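Numbering (our numbering), first residue to last: 13 to 94. Here the structure is laid out as structure tokens; the discussion comes afterwards.
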């Protein structure tokens, strides 16, 4: 099962395109921030910049349906931990 399985199950081509487009744009933003971190922010704000750049990536995961699998993993991990 790959990341794009929920996208492949979607019948509407416009929604499929938007999902892929949003994922690619958010991933590009994240990589640009990671590789240009020294030029963008001061050293004390590096963690904040990484977290802010992860927000659109997280939203694209949740929209594509990948969030359900992550929630199941967290729930199972909590049960295992207890």
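C-beta: ideal position from N, C-alpha, C; glycine also. Note that this is a predicted model, so its numbers are computed, not measured.
Subject >> Anticipated Cβ contact below 8 Å, residue 69 with residue 42, distance rounded >> reply: 5 Å
**OP:** Pull up the distance between the alpha-carbon of residue 48 and that of residue 62, whole angstroms please.
**Re:** 11 Å
Original post:
Rounded C-beta distance between residue 65 and residue 45? I'm assuming under 8 Å.
Top reply: 4 Å
**OP:** Assign residue 57 to one of three DSSP states: helix, strand, or coil.
**Re:** It is helical.
Subject >> Inter-residue spacing [alpha-carbon to alpha-carbon] between residue 30 and residue 36 >> reply: 10 Å
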